[in-house]
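Before any comments, here is the structure.
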């Protein structure tokens, strides 16, 4: 008798598709979310972004070149914030980062001559070319690095040496 009372209180599992969908409770729609440092809804004027250093060498990212990331405040609404962050990071890492290109004791340090070969971005999220792509990047990513292109630096250095070699009387 007790078993019959318990069993009658249990609803059977709905076997028809329509019955299963009717049994579900609809979820409220989700608000748009941002995976990046810049929120999609009512973003503040200044945001905190983690910034580090990466190097492109011999057509790949160098291993163990990354520097511990630190927070930087970015006034993202200011159109000059892109160039301002680029300059700030170049100056921050100047004479502090050892460029790991060879397995030797003597390695070059990141210096002012390397500044023209830097851009903002990350190995995962790509590079940033201008202010608009900078804002889009901050909406997608939480981290932005200073990317130094050693390949471009070496190419320009070799071109300059070759040009100077041709100019000298032989």
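Numbering (the UniProt record's numbering), first residue to last: 1 to 170. Every residue gets a Cβ at the ideal spot worked out from N, C-alpha and C, and that includes glycine. Remember, it's a predicted structure, so these values are computed and weren't measured experimentally.
With distances taken Cα to Cα, identify the nearest neighbour of residue i among the options.
i: residue 71; options: 153, 48 and 157; result: 48
i: residue 69; options: 143, 154 and 157; result: 143
i: residue 122; options: 103, 56, 98 and 45; result: 56
i: residue 147; options: 90, 82 and 74; result: 90
i: residue 133; options: 63, 81, 58 and 62; result: 81
i: residue 155; options: 93, 114 and 65; result: 114
Express the C-alpha separation of residue j and residue i in angstroms, rounding to a whole number.
i: residue 31; j: residue 108; result: Its pLDDT being 47, under 50, residue 31 is placed unreliably by the model, and the measurement read from it follows with that caveat. Computed Cα separation, rounded: 49 angstroms.
i: residue 87; j: residue 165; result: 33 angstroms
i: residue 140; j: residue 160; result: 39 angstroms
i: residue 44; j: residue 101; result: 40 angstroms
i: residue 150; j: residue 84; result: 22 angstroms
i: residue 130; j: residue 98; result: 27 angstroms
i: residue 67; j: residue 93; result: 9 angstroms
i: residue 207; j: residue 62; result: Because the chain in this structure spans residues 1 to 170, residue 207 falls outside the shown range and cannot be described.
i: residue 110; j: residue 103; result: 17 angstroms
i: residue 60; j: residue 53; result: 15 angstroms
i: residue 64; j: residue 158; result: 26 angstroms
i: residue 112; j: residue 79; result: 24 angstroms
i: residue 51; j: residue 58; result: 23 angstroms
Bridge partners for residue i per DSSP, in chain order?
i: residue 146; result: 53 and 120
i: residue 128; result: 120
i: residue 74; result: 47
i: residue 60; result: 57
i: residue 98; result: 109
Between which residues of its own chain and residue i is the CB-CB distance below 8 angstroms, once the five residues before and five after are set aside?
i: residue 138; result: 36, 37, 38, 47, 49, 74, 76 and 144
i: residue 135; result: 38 and 76
For residue i, which residues in the same chain have their Cβ closer than 7 angstroms to its Cβ, ignoring the five residues on either side in sequence?
i: residue 153; result: 114 and 117
To which residues of the same chain is residue i closer than 6 angstroms at the C-beta, ignoring the five residues directly before and after it?
i: residue 119; result: 127 and 147
i: residue 95; result: 109
i: residue 162; result: none
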